[in-house]
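Engineer:
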Amino acid sequence: MHLARHSITSTSPIQILDARFDADANIFTASTPTGFAVYRAWPLQLLRKREFTDGTLTIVVPLHTSSILFLVGGGPSPLYPPNKVVVWDEALGREVAELEFRERVRGVACRRGWLVVALRRRVVAYEVGETITRYHEWDTCDNQQGLVAIATAAYSTLLAIAGRQLGHVQLIHLPPCRPPAPKSPPSPTIPRGPPPQPKNHPISVIAAHSSTLRTLTVLPSGRLLATTSSRGTLLRVWDSHTGKLVKEFRRGSDKADIYGVAFRPDEQDVCVWSDKGTVHVFSLSGTSRNRQSSLSPLTPFLSLPKYFDSEWSYAQYHIPSQTSHLALSAGTSGSKLSDVVEDEKCTVAWIKVPLPSPTSPSQGRSIPKQPPQVEYQLVALTYSGGWYRIALPSSSQSQTEEGKSNPISSAASVRSGRPSPLAGIRSSGGSSIAGSSRLDKGKQKEASRESKSTHSCILKEFRRYGRWDGWG
87 MHLARHSITS TSPIQILDAR FDADANIFTA STPTGFAVYR AWPLQLLRKR EFTDGTLTIV
147 VPLHTSSILF LVGGGPSPLY PPNKVVVWDE ALGREVAELE FRERVRGVAC RRGWLVVALR
207 RRVVAYEVGE TITRYHEWDT CDNQQGLVAI ATAAYSTLLA IAGRQLGHVQ LIHLPPCRPP
267 APKSPPSPTI PRGPPPQPKN HPISVIAAHS STLRTLTVLP SGRLLATTSS RGTLLRVWDS
327 HTGKLVKEFR RGSDKADIYG VAFRPDEQDV CVWSDKGTVH VFSLSGTSRN RQSSLSPLTP
387 FLSLPKYFDS EWSYAQYHIP SQTSHLALSA GTSGSKLSDV VEDEKCTVAW IKVPLPSPTS
447 PSQGRSIPKQ PPQVEYQLVA LTYSGGWYRI ALPSSSQSQT EEGKSNPISS AASVRSGRPS
507 PLAGIRSSGG SSIAGSSRLD KGKQKEASRE SKSTHSCILK EFRRYGRWDG WG
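Using my numbering, the first residue of the sequence shown is number 87, and each one after it goes up by one.
1. What do you get for E223, buried or exposed, if any count of 16 or more other CB atoms within 10 angstroms of its CB means buried?
2. Measure the CB-CB distance between L305 and V255 and report whether it falls below 8 Å.
3. By DSSP's criteria, F187 is part of a beta bridge. Which residues make up the other side?
4. Could you tell me if L331 is buried or exposed, where buried requires 16 or more neighbouring beta carbons within 10 angstroms of its beta carbon?
5. Out of T314, G346, D352, A348, which has the shortest C-alpha to C-alpha gap to E334?
6. Can you grab the Cα-Cα spacing for the pair P457 / L478, in whole Å?
7. In chain order, what residues of the same chain have a beta carbon less than 6 Å from the beta carbon of A401, not counting five sequence neighbours either side?
8. Using a beta-carbon distance below 8 Å, is Y469 in contact with chain C?
9. Residues in its own chain within less than 7 Å of V147 by CB, not counting five upstream and five downstream?
10. Quick one: what's got a C-beta closer than 7 Å to W359's C-beta in the same chain, skipping five residues either side?
11. Measuring straight from C-alpha to C-alpha, what distance separates T219 and V158?
12. According to DSSP, what are the bridge partners of D225?
13. Under 6 Å Cβ to Cβ from I292, same chain only, skipping five residues before and after it: list those, please.
14. For S297, does the count of other Cβ atoms within 10 angstroms reach 16, so buried, or fall short, so exposed?
15. Here's a check: name, in chain order, each residue in its chain whose Cβ is nearer than 7 Å to the Cβ of G308, leaving out the five neighbours to either side.
16. To the nearest angstrom, report how far apart Y469 and T115 are at their CA atoms.
17. Taking just the CA atoms, how far does L370 sit from Q378?
18. Report the three-state DSSP secondary structure of A342 (helix, strand or coil).
19. Once DSSP output is grouped into helix, strand and coil, what is the label at D175?
20. Is L320 near R300, with beta carbons less than 8 Å apart?
21. Using CA coordinates, which residue listed in S396, A466, S443 is at the minimum distance from Q459?
22. By the 10 Å Cβ neighbour count, where 16 or more other Cβ atoms means buried, how is K362 classified, buried or exposed?
23. What is the residue span of the beta strand (DSSP E) that A159 lies within?
24. In angstroms with no decimal places, state the Cα-to-Cα distance between L185 and A267.
25. Is DSSP giving Q378 helix, strand or coil here?
26. I need the DSSP call for G121, collapsed to helix, strand or coil.
27. Who are the Cβ neighbours of R317 in its own chain at under 7 Å, not counting the five residues just before and after it?
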């Protein structure tokens with residue numbers, strides 16, 4: 087029996103123009119050439135969609151989990167002029183207000199009752215209520231990325247924008263953010279008021295980097311600020327009140343385009359992701375789990391480059407390319423390999439996932455009256471429509487892997503009775519390091535060790551989003 091030859095063609099790939107989480111990562115928005123949609127972040131669920139045939143949007147910012155969205159047109163056929171911010175009420179299904187500027191809008195940030203718009207050389211803040219009122223305007227350096235970050239927790243005040251000089255950050259304090267409206271009748275207990283304001287006047291400018299800023303991120307409370315630069319090798323965390331450098335982490339030794347940074351809500355970790363396709367997770371706690379160079383114990387004794395005293399991520403996850411998922415989902419769109427980039431643009435946020443209830447070993451029943459336990463996981467959204475739920479490696483797993491192979495040493499290894507690294511340094515002519523070529527080779531070896539010793543995050547769930555037919 088002979089059958090006619092048939093060709094198998096792929097469906098059109100999903101194209102996400104913009105994907106953003108709300109301040110608490112409860113929902114996220116996705117903009118495509120045919121409109122925008124709002125999803126629950128986890129469990130993944132399409133909540134509502136809006137189709138447009140007249141043009142496209144490049145920015146869709148949700149105001150927490152309310153029905154208000156801030157829209158900016160863009161792309162080859164903008165739905166709205168790129169110099170406008172349109173306030174959209176999804177409950178009404180229409181525009182309710184708009185702000186027009188003399189130039190293209192570069193970035194938008196919001197919190198309850200406030201909207202901040204970043205232009206190329208200035209940032210404008212507005213109070214949003216029954217009407218929209220201009221609050222203030224600040225000058226910045228050339229801010230083509232439209233960088234702006236705002237603290238969103240109740241009673242927080244911090245607004246971080248680009249400074250007037252290259253690599254600087256301006257810290258501005260707005261009126262305290264109002265708490266969310268209670269979902270249930272208020273309890274008879276006395277409500278908690280705002281935290282006391284610091285006695286000393288907060289610092290207003292931080293010289294964060296010597297090159298152009300790439301990202302600005304603040305904690306919901308506004309206590310910490312994270313910055314990266316156009317070099318893409320370092321992540322710096324600052325105290326927003328004192329302006330002091332709290333932590334400096336190394337993403338890698340090669341240049342990268344940083345896409346974003348996200349603080350864990352409990353302030354224990356911070357993650358960063360870039361065009362390299364890898365999400366790096368760093369510990370912010372005092373008992374750091376971060377990896378360090380095997381030469382870091384020598385820095386008090388030798389004049390080594392700062393590279394060798396760096397803290398590296400304790401966990402990583404590499405986002406696979408689109409073609410890697412052809413076998414994972416029947417709905418994954420395929421295309422020619424030459425048309426698919428190796429690493430995709432993505433955005434990442436932290437979510438809370440409840441753990442299974444503990445059970446009694448003898449009876450196999452749940453133990454009653456145990457408080458629900460949750461763990462923080464990551465959700466990554468790719469601009470080709472991939473949704474990843476990623477778990478961090480457990481501490482027990484990390485300790486087991488370190489016990490098997492631990493090429494990364496630290497000062498603790500010296501204190502534990504191991505031979506001092508100083509004993510292994512041999513040089514001719516009394517010099518510990520002979521020339522810059524050795525330093526370059528040392529960096530290459532350290533980078534190789536870092537990649538081998540890292541702990542991989544665990545992919546818990548993969549799904550697709552971005553289809554209007556309910557798939558996702």
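C-beta atoms are modelled at their ideal positions from N, C-alpha and C, and glycine is treated no differently.
Structural biologist: This is what the structure gives:
1. Burial call: exposed.
2. No, the Cβ-Cβ distance between L305 and V255 is not below 8 Å.
3. In DSSP, F187 forms no bridge with anything.
4. L331 should be labelled exposed.
5. T314 is the residue among T314, G346, D352, A348 whose C-alpha sits nearest the C-alpha of E334.
6. In a straight line, the C-alpha of P457 is about 22 Å away from that of L478.
7. Here A401 has V367, L478, P479, H541, C543 as same chain residues with Cβ atoms under 6 Å from its own Cβ, once five neighbours each way along the sequence are excluded.
8. The structure shown contains no chain C, having only a single protein chain.
9. Counting only Cβ-Cβ distances below 7 Å, and skipping sequence neighbours, we find R106, L155, F156, V194, C196.
10. So the qualifying residues of the chain are Y345, G346, V365, C432, V434.
11. Pairing T219 with V158, the inter-Cα distance amounts to about 19 Å.
12. Answer by DSSP bridge pairing, in chain order: R208.
13. Taken in chain order, the residues that qualify are V255, W324, G329.
14. Label assigned to S297: exposed.
15. Closer than 7 Å at Cβ, skipping near neighbours: A237, S242, T243, L244, S326.
16. Each residue's alpha carbon lies about 12 Å from the other.
17. Going by the C-alpha atoms only, they are around 14 Å apart.
18. It is coil, neither helix nor strand.
19. Under the three-state reduction of DSSP, D175 is assigned to strand.
20. Against a cut-off of 8 Å, the Cβ pair of R300 and L320 comes out as no contact.
21. Sorting S396, A466, S443 by C-alpha distance to the C-alpha of Q459 places S443 at the top.
22. With 16 or more other Cβ atoms within 10 Å, it is buried.
23. The question names Ala, but residue 159 is Gly in the sequence shown. Counting along the chain, the beta strand (DSSP E) containing G159 begins and ends at 154-159.
24. When only Cα atoms are considered, L185 and A267 end up about 26 Å apart.
25. When secondary structure is reduced to three states using DSSP, Q378 falls in the strand class.
26. Strand at G121.
27. Here R317 has S297, K341 as same chain residues with Cβ atoms under 7 Å from its own Cβ, once five neighbours each way along the sequence are excluded.
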